[in-house]
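S.K.: All residue numbers for the sequence shown refer to my numbering, where the first residue is 834 and numbers rise by one.
Each residue gets a CB set at the ideal place from its N, CA and C atoms; glycine is no exception.
Note that the structure is predicted; figures quoted are calculated from it, not measured.
Got a structure here, written out as structure tokens. Questions coming.
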Amino acid sequence: MNVSMNQARVFTSRHHIWMMTAICMGAFLSHFTAGIVNVSLPQFTRIFQTNLAEVQWITTGYLLVITSLLPLMGKLGDRYGYRLIHNLGYVSFTISSIMVAFSTNLTILLILRMVQAIGASMFQATNIALITIHLPKEKRGRALGIVSTAVALGGMTGPIIGGWIAAWFSWQWLFLIHVPVAFAATLLAFRFIPVRGQERKRVPLDKVGALLFIVMISSFIFGISNGSRLGWLSSETLFVFAVTTVALSMLLVWEPRQRVPFLPIKAFRIPAVFYGLLISTISFLLANTVLVLLPFYLFGIAAISPSTAGYILAAYPVSLAFTGPLCGYLSDRYGSRRFMFLGLCGIGSGFAALALYLGPLSIIEIAAILALIGLGMGLIASPNNSFIMKHAPAEHIGSIGGMIALTRNAGMVCGAALGLGIVNGGDNHATGLESFRAAFGINVLICAGALIIFGCGIYFENVRRKNKPKMKEAHKQNTLEGEKTL
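Shown next as structure tokens:
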């Protein structure tokens, strides 16, 4: 009997390891493919005889589609099963990755790139829900830390590999190089992600809410991504943000009236979920700002070679890769809030150093600051994800998992828009250096705002916890009085 139980335990442990491998491969690939084409965008303008504004949609369109569809895919996971949506996403992603390499013109390439993004949104929206369902509570934080590490490594290695391909191979390899990994991830997902474990509910899909949300988030991302190019006060930009405002207003009026709303409105009323999602957005905004800005500073003002800059920028993912799983494991034992607080302080300290001392800083000191920011992200990402999912209602874990992925992508887009907007403002060496310092100074203020949100969230969470017994007692008393009346 003991032998059988030990064998089952060993099998379960091995099964979880392979399941996590399959999930992490997808998390890596979706962000790897997002960044691999960036350095080759000038090459695409020559290949397809077009301008950079159109070619940029290879990157911008990919990220926009993912961000727009994440809540929808999470909702479909709630309804049809997270495993089904997740694994179908792998199939779509793999097939479209092969097909996009054989595009004969830019239009076909962009269409197939959007199909690739649809697949990526399917497994991004459901991977956290799968971990929440199939792993015990004491292992979730560490698992989510590993996923966060895979995301960071994918985002950082994509541009490096893309640069090598641009130098030595044809553009098709930008979309083919990851196909063997995607194929292996698909096989592992179908083999090791359990079929059972989720209670599906056949609830109606709020199609109007879904459409309003997609219009709102798409117009917002389009606006902030193109604001610096079109002009923040141009008629085009103002029109796009007007569409965002109208769609948001209609969504806020529509959703509370629905029996099963598209967005998990009730879950947002839980302070831990609400401020956890806000902190997720802000942390990725801060991290992506520095990752977008520093290459411009290193290449332009500091005049550092690309290879040296690559080693400096690697300090961020290396630090995050080390601290992410460790902090996730420790948050399982000691709770998440103290790690989130320390992480915000670490990121804020890194930006304060860049804002005050960027010019005189040596290469080693810049790398050390990047490592500090990576440490801060490691302290925040997986403990925060575990914290959110811990407080999310069971019936909304798919939707909340999709919202976590959405905040990550939205934060990255906002960070890139902020960084590029500041860079475009610098015309000479002095002004350029001051603009970099100003951008990092703004990020210090944003980080301070995140700490205030964090503190307010803890306060309201404690108030809610104290009032919960009173509310239960009042409900019980009302029930007894109603029975007496009858």
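#1: Can you give me the start and stop residues for the alpha helix (DSSP H) that Gln1005 sits inside?
#2: To the nearest angstrom, report how far apart Ile1010 and Ser1003 are at their CA atoms.
#3: Which residue from Ala1080, Ser981, Ala1272 and Ser1052 puts its Cα closest to that of Tyr1149?
#4: Check Ser1356 in the structure and name its three-state DSSP category.
#5: Please confirm whether Ile1206 and Gly1183 have their CB atoms less than 8 Å apart.
#6: By DSSP, does Leu790 sit in helix, in strand, or in coil?
#7: Considering only their Cβ atoms, is the gap separating Asn1218 from Thr900 smaller than 8 Å?
#8: Expressed to the nearest angstrom, what Euclidean distance is found between the alpha-carbon atoms of Leu1284 and Gly1056?
#9: Could you tell me the alpha carbon to alpha carbon distance between Met1210 and Leu1153, rounded to whole angstroms?
#10: Would you mind giving the Cβ-Cβ distance between Cys1280 and Gly1176, rounded to the nearest angstrom? I have them listed as a contact below 8 Å.
#11: Would DSSP call Ala1095 helix, strand or coil?
#12: Measuring alpha carbon to alpha carbon, tell me which of Ile918, Thr866 and Arg973 ends up nearest Met947.
#13: Between which two residues does the alpha helix (DSSP H) carrying Ala1151 extend?
#14: From this set, Ala1249, Pro1094, Val1093 and Cys857, which residue's C-alpha is nearest Ser1116's C-alpha?
#15: Could you name the residues of the same chain whose beta carbon sits closer than 8 Å to that of Tyr1162, not counting the 5 residues immediately before and after it, in chain order?
#16: Can you tell me whether Ile994 is helix, strand or coil according to DSSP?
#17: If we ignore side chains and look at the alpha-carbon of each, how far apart do Thr818 and Val1093 end up?
#18: Pop quiz: Ala1186 and Ile1202 are said to be a contact at Cβ under 8 Å. What is the actual Cβ separation, rounded to whole angstroms?
#19: Compute the distance between the beta-carbons of Ala1188 and Phe1129, then report whether it is under 8 Å.
#20: For Val877, which of helix, strand or coil comes out of DSSP?
#21: Select from Ile928, Ile918, Met1245 and Thr1019 the residue whose C-alpha is nearest the C-alpha of Ala855.
#22: Whole angstroms is fine: what's the gap from Leu942's alpha carbon to Ile951's?
#23: Roughly how far, in whole angstroms, is the beta-carbon of Gly868 from the beta-carbon of Gly991, given that I think they are within contact range, below 8 Å?
#24: When you compare only the Cα positions, how much space is there between Ser1051 and Leu903?
#25: If we ignore side chains and look at the alpha-carbon of each, how far apart do Lys908 and Gly1244 end up?
#26: How long is the line joining the alpha carbons of Trp1065 and Leu1071, rounded to whole angstroms?
#27: Taking a contact to mean a Cβ-Cβ separation below 8 Å, would you say Ala983 touches Cys1160 in this structure?
#28: How is the alpha helix (DSSP H) around Ala1225 delimited, first residue to last?
#29: What are the uninterrupted segments assigned as alpha helix (DSSP H) that are 4 or more residues long and contained completely in the segment 1174-1232, given in chain order?
#30: As a quick exercise: from Asn1276, Gln882 and Gly910, pick the residue whose alpha carbon is nearest that of Asn1121.
#31: As an exercise, report each continuous alpha helix (DSSP H) stretch of at least 4 residues that is fully enclosed by the segment 875-934, in chain order.
#32: What did DSSP end up calling Met1296 once you bin it into helix, strand or coil?
#33: Just to confirm, is the Cβ distance from Met955 to Met989 under 8 Å?
#34: Which of helix, strand or coil does DSSP assign to Arg1102?
#35: Please go through the same chain and pick out, in chain order, the residues whose beta-carbon is closer than 7 Å to the beta-carbon of Val1012, but skip the five residues on each side of it.
#36: At which residues does the alpha helix (DSSP H) containing Val774 begin and terminate?
M.R.: Judging by the given coordinates:
#1: Per DSSP, Gln1005 belongs to no alpha helix (DSSP H) and is neither H nor E.
#2: 11 Å
#3: Ser981
#4: In the structure as shown, the chain begins at 834 and stops at 1319. Residue 1356 is therefore absent and cannot be evaluated.
#5: yes
#6: There is simply no residue 790 to check, as the chain begins at 834 and stops at 1319 in what is shown.
#7: No.
#8: 27 Å
#9: 7 Å
#10: About 10 Å separates the two Cβ atoms, so there is no contact after all.
#11: Note that residue 1095 is Phe in the sequence shown, not Ala. Three-state result, Phe1095: coil.
#12: Thr866
#13: Note on residue identity: the sequence assigns Val, not Ala, to residue 1151. Segment Ala1148 to Tyr1167, the alpha helix (DSSP H) holding Val1151.
#14: Ala1249
#15: Gly974, Arg975 and Gly978
#16: Three-state result, Ile994: helix.
#17: Because residue 818 is not part of the residues shown, which for the chain are 834 to 1319, the question remains open.
#18: The pair is a contact, with the Cβ atoms about 5 Å apart (cut-off 8 Å).
#19: no
#20: Sequence inspection shows Phe at residue 877; the Val mentioned does not correspond to that position. The answer is helix: DSSP assigns Phe877 an H, G or I state.
#21: Thr1019
#22: 14 Å
#23: 3 Å
#24: 12 Å
#25: 21 Å
#26: 7 Å
#27: no
#28: Annotation for Ala1225: no alpha helix (DSSP H) segment contains it, and DSSP assigns it neither H nor E.
#29: 1196-1224
#30: Asn1276
#31: 885-888, 890-913 and 915-933
#32: The residue you asked about is not Met; residue 1296 is Val in the sequence shown. DSSP places Val1296 in helix when its eight states are reduced to three.
#33: no
#34: coil
#35: Taking C-beta separations shorter than 7 Å and ignoring five residues to either side along the sequence, the partners of Val1012 in its chain run Thr927, Ser930 and Ile931, following chain order.
#36: The displayed coordinates of the chain run from 834 to 1319. Any statement about residue 774 would go beyond what the structure contains.
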